[in-house]
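Worksheet: the structure to be examined is printed underneath.
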Amino acid sequence: MQLTRERAITLHRRMWRWLGLKTLKEKRCVKKEEWFERFGLEWVICGCYCCEYAYKNAHKEGKRSGCDSCPIDWGGISCMHYKGFEDGDNGLHSLWEMTVRHNEYKEAGKLALQIAELPEREEI
């Protein structure tokens, strides 16, 4: 799937909002696979439109890794790692995955909605 920065961000927000609202409404952890199945969409890298965009554009932008090209500001090093905590998966995406694994639907829903509203990273 070829994505522009703007399209990746739009789909990112739609998917995470849908995951959060559906999780809270159905009182169960809704997984990313359900988004792709429900809407008949092609799976993307890591189940994330921003990862798909970032990894396919990193080399064009001269970045070291796909995470460096992510259009979302996760408030840390990446979606998987938060600033100052280099030794663990503690970014918002990692926390969401952990809550889903432990069937903590209320927290998973809240995190998904928080992820949907993260700010864009400034273009460099």
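Per the numbering used here, the sequence shown starts with residue 1445, numbered consecutively.
Where is the CB? At the ideal position from N, CA and C, for every residue including glycine.
Gly1535 (DSSP reduced to helix, strand or coil): Reduced to three states, the DSSP call for Gly1535 is coil.
Could you tell me the boundaries of the alpha helix (DSSP H) in which Thr1454 lies? Residue range Arg1449 to Glu1470 is occupied by the alpha helix (DSSP H) that includes Thr1454.
In chain order, what residues of the same chain have a beta carbon less than 7 Å from the beta carbon of Ser1509, not counting five sequence neighbours either side? Within the same chain, Ser1509 has close Cβ partners Ala1502.
From which residue to which residue does the alpha helix (DSSP H) around Glu1551 run? Counting along the chain, the alpha helix (DSSP H) containing Glu1551 begins and ends at Tyr1549 to Ala1560.
Segment limits, alpha helix (DSSP H) that includes Lys1476: Unbroken alpha helix (DSSP H) run through Lys1476: Lys1476 to Arg1482.
Taking the C-alpha atoms as reference points, what is the distance between Val1544 and Lys1554? Their backbone Cα atoms lie some 12 Å apart in a straight line.
Roughly how many angstroms separate the alpha carbons of His1456 and Cys1492, rounded to a whole number? Straight-line Cα distance between these residues: approximately 7 Å.
Simplified DSSP assignment, three categories, for Ile1489: It is helical.
Identify whether Gly1506 lies in helix, strand or coil by the three-state DSSP scheme. Here Gly1506 sits in coil by DSSP.
CB Cys1495 to CB Cys1473, shorter than 9 Å? No, the Cβ-Cβ distance between Cys1495 and Cys1473 is not below 9 Å.
Determine the DSSP secondary structure at Phe1529, reduced to helix, strand or coil. Annotation note: pLDDT 46 at Phe1529 (below 50); position unreliable, coordinate value reported separately. DSSP, read as helix, strand or coil, puts Phe1529 in coil.
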